[in-house]
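A.B. asks:
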Amino acid sequence: MALLAVDLKEGTKTVHAEAERSKFVKYFFRGEITPATYGRFLVSLYHIYNALEEALEKNKDNENVQLVYFPTELNRKAALEEDLEFFNGPEWRDMLLTPSPAQKAYIDAIRRCSESQPELLIAHTYVRYLGDLSGGQILAKKLQKYNDLPEGKGVAFYNFDRIENKNEFKEMFRIRLNQVEVDEATHKAIVEESCQAFIRNIDIFQEFDHELEGLPLTKKEQEALDAAQAAETAAAHEAVKTGASTSILSSLAPSNLFNSLASAVGLKSGA
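Numbering-wise (my numbering), the sequence shown opens with residue 1293 and increments by one.
#1: What residues in its chain sit with their C-beta under 6 Å from that of GLY1323, if we drop five residues either side in the sequence?
#2: Mark THR1390 as exposed unless 16 or more other C-beta atoms lie within 10 angstroms of its C-beta, in which case mark it buried.
#3: TYR1279: which of SER1314, GLU1345 and LYS1445 sits nearest, CA to CA?
#4: What does the Cβ neighbour count give for LEU1388, buried or exposed, with the cut at 16 atoms within 10 Å?
#5: Taking only the alpha-carbon atoms, compute the straight-line gap between GLY1444 and VAL1317 and give it to the nearest angstrom.
#6: Is it true that the stretch 1332-1339 meets the stretch 1427-1435, where meeting means three or more beta-carbon pairs spaced less than 8 Å apart?
#7: Going by beta-carbon coordinates alone, are LYS1462 and LEU1425 separated by less than 8 Å?
#8: Would you say VAL1472 and LEU1300 are within 8 Å of each other, going by their C-beta atoms?
#9: Beta-carbon within less than 8 Å of ALA1343's beta-carbon, same chain only, minus the 5 sequence neighbours each way: which residues are those?
#10: Anyone know if the C-beta pair for LEU1504 and TYR1319 falls short of 8 Å?
#11: Just verifying my parser: in three-state terms, what is the DSSP assignment at ILE1414?
#12: Run through DSSP, which three-state label would PRO1330 get?
#13: Nearest to ASN1351 by CA position, among GLU1407, GLN1488, LYS1480 and ASN1380, is which residue?
#14: Run through DSSP, which three-state label would THR1304 get?
#15: Check for me: the alpha helix (DSSP H) holding MET1464 runs from which residue to which?
#16: Considering just the uninterrupted stretch of the alpha helix (DSSP H) at GLU1473, what are its terminal residues?
#17: Quick check: what's the CA-CA separation for THR1326 versus LYS1315?
#18: Within its chain, find whatever has a CB closer than 7 Å to the CB of PHE1379; leave out the 5 residues flanking it on each side and keep chain order.
#19: Please go through the same chain and pick out, in chain order, the residues whose beta-carbon is closer than 7 Å to the beta-carbon of GLU1374, but skip the five residues on each side of it.
#20: So, are the CB atoms of PHE1500 and ALA1311 less than 8 Å apart?
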């Protein structure tokens, strides 16, 4: 059985590519997400992290979950509350009262893992926290640049001030992932759950599609996306041709949620 960190990376390439084609991510990188829209997006993040961090705390004594449980270093709920108030004002909690369909589906998935198979929470920690420590740092810079934010304001979510060296921490986190001891079926289920988590992120992005208007793709962006689509289609046909028994999502290979997009538009990532 392959190392879990490797399989998680290799198993999410397809959904990474799909995420990078979303309007929300594309427009975020181009500075076309308004503060009002971003403020509402933070509500989605709050629902996700509130559910995830509650589930991790509940299952912290599980010997596999505790390998990737770093509440002091990673918990985002308090930081999100700070950003929510900055963008939405003191009444921001009123915005939490009725979760959207995509928000509710994401919350339900995390709670289902927590109750039925806590090891699957490992997939959610991988998708959320490693993404925040990598591509999320690029997003913070974009957010500040295009919205002329006061120094240190509105980007608490991306500020991991309890982590001295992000690259070293990410490497340690991957080592911990490889120390997870589960049977083969659970190993595969963790990888599949990570793919599903990415898909739920895409569903969150798509709830904002009707708000997004902007310039069409540049020629370079369109060529990059066309090439990615062609590669995915070829891989899918090959998987069918060879009679692969596992799902395409869990058998193809990945990148960071935002790193592929960064490469497509000529940005540099610190991941």
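Using N, Cα and C, we set each Cβ at its ideal position, and we do this for glycine too.
Model, not experiment: these values are computed from the prediction.
C.D. replies: According to the structure shown:
#1: TYR1438
#2: When all chains shown are included, THR1390 counts as exposed.
#3: Nothing about residue 1279 can be read from this structure; the chain reaches only from 1293 to 1563.
#4: exposed
#5: Computed Cα separation, rounded: 22 Å.
#6: no
#7: yes
#8: no
#9: TYR1398, ILE1399, ILE1402 and ARG1403
#10: yes
#11: helix
#12: The sequence given here places Tyr at residue 1330; Pro does not occur at that position. Helix.
#13: GLU1407
#14: The answer is coil: DSSP assigns THR1304 none of H, G, I, E or B.
#15: 1458-1470
#16: It is not in any alpha helix (DSSP H) - GLU1473 carries neither H nor E in the DSSP assignment.
#17: 13 Å
#18: PRO1327, TYR1330, GLY1331, LEU1334 and GLY1446
#19: If we look at GLU1374 and ignore the five residues flanking it on each side, its Cβ neighbours are ALA1448.
#20: No, the pair does not count as a contact, with Cβ atoms beyond the cut-off.
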